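Each remark here refers to the structure printed beneath this line.
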Amino acid sequence: MGLKGKDYRVLLEPMTEELVAMARWARITGARVVVLFEGRDTAGKGGAIRAVRDKLNPRQCRTVALGKPTDAERTQWYFQRYIAHLPSAGEIVLFDRSWYNRAGVEKVMGFADNEQVELFLRQVPTFENMLIDDGILLFKYWLTTDQDKQEERLRERLDDPLKRWKLSPIDLAAREKYDAYTEAREAMLRTTHTRHAPWTLVDFNDQKRGRLTLIRDLLDRLPDTRCEPPEIDFPELGREPEPESFTVLKPIEKYPVND
1 MGLKGKDYRV LLEPMTEELV AMARWARITG ARVVVLFEGR DTAGKGGAIR AVRDKLNPRQ
61 CRTVALGKPT DAERTQWYFQ RYIAHLPSAG EIVLFDRSWY NRAGVEKVMG FADNEQVELF
121 LRQVPTFENM LIDDGILLFK YWLTTDQDKQ EERLRERLDD PLKRWKLSPI DLAAREKYDA
181 YTEAREAMLR TTHTRHAPWT LVDFNDQKRG RLTLIRDLLD RLPDTRCEPP EIDFPELGRE
241 PEPESFTVLK PIEKYPVND
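Taking full-length UniProt numbering, the leading residue of the sequence shown gets 1, the next gets one more, and so forth.
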């Protein structure tokens with residue numbers, strides 16, 4: 001049985017406070033943080049990213065979810081279009097899928113040939129080592145989900161008009177390639193699970209518990225981020241608060257509700 005929403009929110013709240021403190025620490029120290037979220041379709045990458053960034057300043061913490069490469073990008077060094085999205089001092093970047101597309105969906109769906117995949121697997125440990133040597137804090141998460149859960153979530157997307165947009169032809173094609181994705185992931189881990197940039201696999205069969213597991217792991221692996229917020233002088237207003245006043249335009253009618 002999955003974790004109930006009420007229990008989840010109670011457990012998440014103190015971690016969210018730690019995430020806010022982490023963001024304050026990054027801003028003060030100039031730290032650069034990159035978190036990769038990878039996994040099968042329906043694993044829960046989007047929900048995990050929202051849980052991390054929910055209370056953070058969107059100008060400091062941003063999500064990168066790149067679409068398919070343009071014709072020009074296909075002629076570039078594979079990592080080139082990702083480099084433009086790496087963080088500056090004080091920034092946190094969350095990649096909703098990343099350069100590992102080449103070893104996953106591109107390989108399995110035939111968008112990259114064997115030579116391109118093998119070149120990527122040779123280059124990526126060096127690429128990530130360069131990022132870390134330059135001071136970037138890099139965290140790589142793979143969200144795992146069993147096939148019965150994937151089927152359940154795909155069916156939910158099909159039946160829910162609010163989630164139908166999440167269902168693409170590639171998602172449906174992936175149903176028949178579950179084993180191929182497993183093989184591709186294992187080949188990727190053998191090459192790219194390195195001492196300087198290790199992978200962390202998180203069970204997301206229960207997505208709420210998976211988010212808690214991932215966030216706790218991320219916070220525990222960061223340096224000590226305890227950093228008191230700056231003092232802010234907040235004097236008394238000095239008068240009675242005034243209601244809004246309008247001369248040119250007035251607000252539209254309020255949405256009708258039964259109070």
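Note that beta-carbon positions come from the ideal geometry of N, C-alpha and C, so glycine has one too. Bear in mind that the values here come from a model prediction, so they are computed numbers and not experimental data.
Boundaries (first-last residue) of the alpha helix (DSSP H) holding residue i
i    : result
V248 : Element bounds for V248: n/a, residue is neither H nor E.
R53  : K45 to R53
R62  : No alpha helix (DSSP H) contains R62, which is instead part of the beta strand (DSSP E) from C61 to V64.
P169 : P169 to R175
E128 : N114 to D133
G104 : First-last for G104: undefined, no H or E at that position.
K208 : Q207 to R221
V10  : G5 to T29
A187 : Y178 to T192
E151 : Q147 to D159
E228 : Premise fails: E228 is in no alpha helix (DSSP H) and is neither H nor E.
Y82  : Q80 to I83
A72  : D71 to R74
Enclosing beta strand (DSSP E) for residue i [first to last residue]
i   : result
V33 : V33 to G39
D96 : I92 to D96
Those residues which DSSP pairs with residue i across a bridge
i    : result
W199 : K140
Burial state of residue i (16 or more Cβ within 10 Å)
i           : result
A112        : buried
N258        : exposed
Y255        : exposed
I252        : exposed
T80         : In the sequence on display, residue 80 carries Gln and not Thr. That one is exposed.
L36         : buried
G39         : buried
A72         : exposed
N57         : exposed
M188        : buried
R164        : exposed
I215        : buried
V202        : buried
L143        : buried
D7          : exposed
residue 262 : What is shown of the chain runs 1 to 259, which leaves residue 262 out entirely.
Q186        : The sequence shown places Glu at residue 186, rather than the Gln named in the question. Looking at its Cβ environment, which holds fewer than 16 other Cβ atoms inside 10 Å, E186 is exposed.
W99         : buried
L162        : exposed
E151        : exposed
I170        : exposed
T4          : Here residue 4 turns out to be Lys, not Thr, going by the sequence shown. Burial call: exposed.
I92         : buried
L154        : buried
Proximity test, Cβ basis, 8 Å: residue i and chain E
i   : result
A72 : Absent from the structure is chain E; it holds one protein chain and no more.
Worksheet item: With a cut-off of 8 Å, do at least 3 Cβ pairs link the stretch 112-130 to the stretch 39-46?
Response: Contact check between the stretch 112-130 and the stretch 39-46: fewer than three CB pairs, one atom from each, fall below 8 Å, which does not count as touching.
Worksheet entry | Stretch-stretch touch, CB-based, cutoff 8 Å, three pairs: the stretch 77-94 with the stretch 125-138 | A contact exists between the stretch 77-94 and the stretch 125-138.
Discussion item. Could you check whether the stretch 54-74 touches the stretch 193-202, counting it as contact only if at least three pairs of C-beta atoms, one from each stretch, sit closer than 8 Å?
Written reply: At 8 Å Cβ cutoff, the stretches do not touch.
Discussion item. With three or more C-beta pairs closer than 8 Å as the rule, is the stretch 18-28 touching the stretch 210-228?
Written reply: By the Cβ rule, the stretch 210-228 counts as touching the stretch 18-28, because three or more pairs are nearer than 8 Å.
Fill in: the stretch 4-13 touching the stretch 199-219, judged by at least three CB pairs closer than 8 Å
The stretch 4-13 vs the stretch 199-219: in contact.
Discussion item. I want to know whether the stretch 93-113 touches the stretch 159-178 - three or more CB-CB distances under 8 Å.
Written reply: Because the criterion of three Cβ pairs below 8 Å is met, the stretch 93-113 and the stretch 159-178 touch.
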